[in-house]
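Asks: Quick one: this structure, given as structure tokens, is what I'll be asking you about.
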Amino acid sequence: MIRIAVLTASDRGARGEREDVSGKVIEEMVSAIGGEVVDYSVVPDDLAVLKESMLKMCEKGADIIFTTGGTGLSPRDNTPEATLAVIEREVPGIPEAMRQKSLEKTPHAMLSRARAGIRGKTLIINLPGSPRAVRENLEIILPALPHAVEVLKGRVEDCGK
Numbered sequence: 499m500i501r502i503a504v505l506t507a508s509d510r511g512a513r514g515e516r517e518d519v520s521g522k523v524i525e526e527m528v529s530a531i532g533g534e535v536v537d538y539s540v541v542p543d544d545l546a547v548l549k550e551s552m553l554k555m556c557e558k559g560a561d562i563i564f565t566t567g568g569t570g571l572s573p574r575d576n577t578p579e580a581t582l583a584v585i586e587r588e589v590p591g592i593p594e595a596m597r598q599k600s601l602e603k604t605p606h607a608m609l610s611r612a613r614a615g616i617r618g619k620t621l622i623i624n625l626p627g628s629p630r631a632v633r634e635n636l637e638i639i640l641p642a643l644p645h646a647v648e649v650l651k652g653r654v655e656d657c658g659k
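Residue numbers (the working numbering): 499 to 659.
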């Protein structure tokens, strides 16, 4: 089982004014790779709150933290900055792949500031906020994630084979 944490950045969601449909899409889709959501939170688009939430999810042993929301150009979009403050190493290929494939559907994909990286043995991946974009981006990256988790856990010694 891959231990999944979902962190939704949404001021309106945190106030209970909007249902978190994107988080539900993540939960539905990760089952295809043996993922189970073991931690879930909706928080405001606040840099300190996002950082603290990611750190707690790492401490609880999440294999992958998916964030959703807060990756655009709005002044309240703080998810990439929070992620950069928490991770120890970036994994640039993940957001690069998402942007590249998403550009085939919309020119707005180039406006995404999504990041991905590692803290300890946890992979943190920023996803967009819209349910449709979450689905489209997860379809791109899900096939690579079980291997990523196995490598992070030290279960793969030779990736070249």
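Virtual Cβ for every residue (Gly too), placed ideally from N, Cα, C.
Since the structure is predicted, the reported quantities are computational estimates derived from the model, not experimental observations.
Do you know offhand how far Ala503's Cα is from Val519's?
Replies: 15 Å
Asks: Compare the C-alpha of Ala583 against each of Arg617, His606, Gly559 and Thr604 and name the closest.
Replies: Arg617
Asks: If you run the structure through DSSP and keep just helix, strand and coil, what is Asn635?
Replies: helix
Asks: Taking the beta carbon of Ala530 as the centre, do at least 16 other beta carbons fall within 10 Å, making it buried, or is it exposed?
Replies: exposed
Asks: Give every residue of the same chain whose Cβ lies closer than 6 Å to the Cβ of Ala607, excluding the five residues on either side of it in the sequence, and list them in chain order.
Replies: Arg597, Ser600 and Leu601
Asks: Run through the segment 575-607 for me and flag every whole beta strand (DSSP E) of 3 or more residues, listed as ranges in chain order.
Replies: none
Asks: For Val535, write down the residues that DSSP places opposite it in a beta bridge.
Replies: Ile502
Asks: Taking DSSP's pairing of strands, which residues face Thr569 in a bridge?
Replies: DSSP lists no partner for Thr569.
Asks: Hey, would you say Arg613 sits closer than 8 Å to Met527, going by beta carbons?
Replies: no
Asks: In its own chain, which residues sit with a C-beta less than 7 Å from the C-beta of Leu545, not counting the 5 before and 5 after it?
Replies: Within the same chain, and ignoring the five residues on either side of Leu545 in sequence, the residues whose Cβ sits closer than 7 Å to its Cβ are Asn576, Glu579 and Ala580.
Asks: Considering just the uninterrupted stretch of the beta strand (DSSP E) at Ala614, what are its terminal residues?
Replies: Ala614 to Arg617
Asks: Go through its chain and collect everything with a Cβ distance to Lys619's Cβ below 7 Å, but skip five positions before and after it.
Replies: Leu650 and Lys651
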